[in-house]
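**Student:**
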Amino acid sequence: MSNEHAVENSATPFDVIIERIDIKGQYIQLADPVHLSGQLNVSELRTQYSINSKEDLAQLALQIGVDEAGRGPLLGSVNVAAAILPSAWSGLIENQPLKDTPLSILTDSKQLSEKKRDVLYPLVQQYAIGYVVADVPAAVIDQINILQATMLGMRLCTELLLKMVAPHLIIDNADGDSQSRAHTYVQVLFDGNRCPDLDEATLDKVGVKKSAIDCQAWVKGDARHTSIAAASILAKVSRDKTMYKLDTRHPEYGIAKHKGYPTKTHMEAIEMHGILPAHRRSFAPVKKMLEN
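With numbering that gives the first Met the number 0 applied, the sequence shown closes on residue 291, and no number is skipped along the way.
1) Could you tell me which of Ile20, Pro12, Leu161 sits nearest to Ile83, measuring between CA atoms?
2) Helix, strand or coil for Glu158? Go by DSSP, reduced to three states.
3) Leaving out five residues on either side along the sequence, give the residues of the same chain with a beta carbon under 8 Å from the beta carbon of Lys209.
4) DSSP three-state call for Gly129: helix, strand or coil?
5) If you count every other CB in all the chains shown that lies within 10 Å of the CB of Asp14, and 16 or more means buried, which is it?
6) Using only the alpha-carbon positions, how far apart do His257 and His167 sit?
7) Starting from the Cα of Leu159, find the closest Cα among Leu39, Glu267, Ala283 and give me that residue.
8) Compute the Euclidean distance between the alpha carbons of Ile274 and Lys244, then round it to the nearest angstrom.
9) What first and last residue would you give for the alpha helix (DSSP H) that runs through Thr264?
10) Going by beta-carbon coordinates alone, are Ala216 and Arg193 separated by less than 8 Å?
11) Tell me whether the beta-carbon of Asp190 lies closer than 8 Å to the beta-carbon of Ile227.
12) Enumerate in chain order the residues of its own chain whose CB-to-CB distance from Pro136 is below 6 Å, with the five nearest sequence positions on each side excluded.
13) Alpha carbons only, please: which of Asp117, His224, Glu67 is nearest the one belonging to Ser86?
14) Taking all protein chains shown into account, decide if Glu290 is buried (16 or more other Cβ within 10 angstroms of its Cβ) or exposed.
15) Return helix, strand or coil for Gly175, following the three-state DSSP convention.
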């Protein structure tokens, strides 16, 4: 997929606000809205993941990588991203599917300098077939805990991307009469040791069959799979951007340097200037200061 090709087939952006969430049949009003944004390049999706020839009916795997940034800080949102790379660029990093591509330096965002991450961020946005970034605010982290907030972000990113993709592909497991039509199955690769529970009933309504989704959890997956590495860049840089914005509003906290992590400077700033609305009140160091 060349630069010219990517520009010619411009992606369609989308923006979604989630205020209530259905968890196993029960609606929960979130303490603060979750914001999801991203884009989908429909023409590239159809070109790479639809089967037009009846002679070639082998299943195609659409790979979605999912990662998060910001589980440990005392301040701000946890950001989650999901990304679909071009099919030829998806795979194990060690097999070098990104060699001689604009994303050739892509690996786990934590192994890259901030300068390299900032270079990769717009490139991932440009060349990804589709991506979603979720901003799960501190109030939601305090409401349901950081693990569940991260799982929620992963679930919402995955479901939204699947819903955006669904109208353009037949996503099933090729049972029955599907031998006469194009079909695609989905691998969703999550960084970490667990997968979120997807809303299978809602996905089924939009044509994404449960049997066609293969969810896999990969410990340190951002250093193994290109799609997870791409998601790690989107999550990390998008979170850093929110931290820099917060720093301009509250320069006395030194947020641009510590990014919300519990450094000595950060703890001293809290003692001197107080707790911000964006601080995570359920986290022990902040909770302790509130009690004193």
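C-beta atoms are modelled at their ideal positions from N, C-alpha and C, and glycine is treated no differently.
**Tutor:** On the basis of the coordinates in this document:
1) Leu161
2) helix
3) Glu199, Leu202, Asp203
4) The answer is strand: DSSP assigns Gly129 an E or B state.
5) Classification of Asp14: exposed, given that the 10 Å Cβ count is below 16.
6) 43 Å
7) Nearest option by C-alpha distance: Leu39.
8) 17 Å
9) Per DSSP, Thr264 belongs to the alpha helix (DSSP H) from 263-272.
10) yes
11) yes
12) Asp31, Ser76
13) Closest option to Ser86, judged by alpha-carbon separation, among Asp117, His224, Glu67: His224.
14) exposed
15) Low confidence applies here, because Gly175 scores a pLDDT of 47, under 50, leaving its location unreliable; read the following figure in that light. Three-state result, Gly175: helix.
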